[in-house]
Amino acid sequence: MKKIFIFFVSIIVFTSCESFLEQQPVDQITTDQVIIDAASAETAVLGIYSRLQVGDVYGNLLVNMPGVASDELVHSGSFPTIAEVDDNTMSSNNVTTAGMWEECYTGIFQCNNVLEIIEANPELPGLTPALTNEIVGQARFLRALFHFNLLNLYGDVPLATSTDLETLSTISRTPSSEVMSFVIEEARTAATELEGVTFENDNQYRATSWAAKALEARALLYSGDVAGAGAVANDIIENGGFELADTYSELFQPGSVQNSEIIFSVFFSAADQNGIAFQYLPSGRFEYAVSPQLLASLTEDPNDSRADLIELNEGDAEGRYYVNKYTDISTGTDGFIVFRLAEMYLIRAEANLGSAQAINDVNALRTRAGAAALSSVSEQDLLDEKFRELFSEGHRWYDLIRTGNAVSTMSAINAGFDANDQLFPVPNRDIQQNRNLEPQNPGY
C-alpha cells in the first residue's frame with residue numbers, strides 16, 4: 095500500500111454488506127473498482143464507518159490517549175509510547191499518537207473520495223436525489239468528525255477536502271479555529287441533507303440528522319459558543335425522540351444493543367473484534383487503570399451507581415481499579431458511544447448555569463445513578479458531573495483544556511506539565527515528508 099503524505103490512498107477498506115448488524119469481515123478493494131453505481135456508493139460509505147473501528151480510532155487510542163493524558167486514566171501496562179502520553183514526555187516520533195493522525199486522515203480521504211465521485215457523477219445508475227443526500231450527508235458528517243478529533247488533539251491541522259495527491263503532498267496546516275468553523279458548518283449541512291433519513295435497526299450506528307446536530311453541539315461548545323451549543327442540545331433533547339436510559343449500566347452492553355439514549359455509536363461485531371475490553375480488563379492487558387482522581391469522583395457519593403462500572407483489580411500489587419464499561423474480551427462486540435443524550439443534558443446545563451434548568455438537567459443524571467440531587471450547580475459542579483457521567487468515553491481531556499483547567503489540574507499531578515502539553519505533536523515522519531506542516535507544535 096503506497097503512502098502519500100498522510101494518506102493511505104491505494105487501498106481503501108470497504109464493508110461488504112448493507113447492515114452493521116449483519117456485518118462480515120471487510121474486503122480490500124481499490125477505489126477505482128468501487129463506485130460505479132448507487133449500490134457501490136452506499137458500500138463505499140459503509141467502508142468509512144469501518145475506519146472508526148480501528149484500534150487507532152474508537153477501538154482504543156482515540157478514547158484512551160486523551161484519557162491517560164488527563165487525570166482520568168493512568169497507564170498501567172507495558173507500552174512505552176503510551177507511558178510517554180501518561181507522563182507528558184511525548185516526542186514527535188511517538189508512533190502511538192502518530193497512528194491516530196494517520197488513521198483519521200485515511201478516513202478523511204475515504205470521505206473525500208465518495209464526495210468527489212458523487213459530485214462528478216450525479217447520474218450514476220440508481221442514484222436518486224434522496225439517495226444522493228443520504229450518501230453525501232453521511233460522508234460529510236464523518237469527514238467533519240475526523241477533522242474535529244484531529245484539531246482537538248493536534249491544534250492546527252491540514253484541512254483536507256481533496257483526493258488530489260499533488261495537493262495533499264504539499265498541504266499545510268490550517269488554524270484550528272478555521273477547522274472548527276468548517277466542522278460546524280459541515281455538521282449543519284449534513285443535518286439538513288440527512289433530515290428524515292432513517293436506517294431501521296442500524297439507526298444508532300449511522301449518521302442521522304440528529305447525530306450531525308450532536309456533533310454541531312459539541313463543536314460549538316468547544317469553540318466557546320456555549321449558548322449556541324445549548325440551543326442545539328435543547329433541540330435534540332426536545333425534538334430528537336431520544337430518552338435517557340433507565341439505568342446507567344444498560345448503556346454499556348456487548349452486542350447490537352438498541353438504546354433510546356444513544357444518538358450515534360460505533361458498532362463492532364465478533365468479526366470486527368473491538369479490542370477496547372482487552373486493553374482495560376485484568377484478563378487482558380490492563381493497559382489503562384482508573385486514576386485516583388476518577389476513583390475519588392465516582393465514589394464521592396456512596397450511592398452513585400456509576401461507580402459500579404469500575405472494579406478493583408485484585409491481582410494488581412498497587413491496588414488499582416479498572417474500567418468495566420467494556421466487557422466482551424472474548425468476541426469484542428462492545429460498541430463505543432460517540433454521542434448520547436446525557437451529554438446533551440450536560441451541554442444544555444452548561445449553557446444555563448445559574449438557572450433551574452441547569453440544576454434539573456444535572457439532577458436528571460444524578461437521580462438515575464442514585465446519587466443525591468444538588469440544590470445548585472456551579473461550573474466546577476458541572477465539570478465534576480461530566481467527569482463521572484462520561485468517563486472513558488473520550489471527554490475529560492478536552493473539557494479540561496476548553497475550560498482552562500488543564501494546566502492547574504495536571505501540574506498538580508505531574509510537576510512537569512505545562513501549556514505546551516495540551517497539544518500532541520504532529521508526527522515527525524509526516525513533517526519530514528512535507529515541510530509545509532512546519533512549524534511543529536511548541537515543546538516538541
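Numbering (the working numbering), first residue to last: 95 to 538. Glycine included, every Cβ here is placed at the ideal spot set by N, Cα and C. These numbers were taken from a predicted model, which means no experiment stands behind them.
- Distance between N158 and Y152, taken at the CA atoms: about 9 Å.
- For the options G193, R145, E166, the alpha carbon positioned closest to that of L389 is the one of E166.
- According to DSSP, residue pairing for Y416 in a beta bridge involves E405.
- The C-beta distance from A465 to D395 rounds to 4 Å, short enough to meet the 8 Å contact threshold.
- When only Cα atoms are considered, D180 and T257 end up about 35 Å apart.
- CA-CA distance, P519 to D366, rounds to 30 Å.
- Using a Cβ distance threshold of 8 Å, A321 and S303 do not count as a contacting pair.
- For R434, the uninterrupted beta strand (DSSP E) run begins and ends at 430-434, by DSSP.
- Ranked by Cα distance from E408, the options A401, Y416, D402 are led by Y416.
- Beyond the five residues adjoining it in sequence on each side, Y492 comes within less than 6 Å, by CB distance, of N246 in the same chain, given in chain order.
- One alpha carbon belongs to S472, the other to A238, and they sit about 32 Å apart.
- The Cβ atoms of V360 and L155 do not sit closer than 8 Å to each other.
- Distances from the alpha-carbon of G249 to those of M504, I495, L288 put I495 closest.
- Residues of the same chain with a CB within less than 7 Å of the CB of N508, apart from the 5 flanking positions on each side, are D181, N182 in chain order.
- Classified as buried, P348 has 16 or more neighbouring CB atoms from the shown chains inside 10 Å of its CB.
- Rounded to whole angstroms, the Cβ separation of T268 and L253 is 4 Å, and the two are in contact under 8 Å.
- Separation of A233 and S350 (C-alpha to C-alpha, rounded to the nearest whole angstrom) is 23 Å.
- In the three-state reduction of the DSSP assignment, F362 falls in the coil class.
- Counting only unbroken stretches of 4 or more residues, the alpha helix (DSSP H) elements lying wholly within the region 458-511 are 473-483, 490-496, 500-505, in sequence order.
- Less than 8 Å separates the beta-carbon of A311 from that of I330.
- DSSP places L167 within a strand segment (E or B) once states are collapsed to three.
- Counting only residues of its own chain and dropping the five nearest sequence neighbours on each side, A513 has a CB closer than 7 Å to the CB of V501.
- Around E532, the same chain offers I525 as residues with beta carbons nearer than 8 Å, after the five sequence neighbours per side are excluded.
- Look at the beta carbons and you see the region 196-209 not touching the region 167-176: under three pairs across the two are nearer than 8 Å.
- Annotation: the continuous alpha helix (DSSP H) that includes V179 extends over 174-180.
- When the Cα atoms are used, Q373 and M194 turn out to be separated by approximately 16 Å.
- Per DSSP, the beta-bridge partners of V251 are T268.
- In this structure, G231 and A301 form a Cβ contact; the two beta carbons are roughly 7 Å apart against a cut-off of 8 Å.
- In the displayed model, Y382 falls within a strand according to three-state DSSP.
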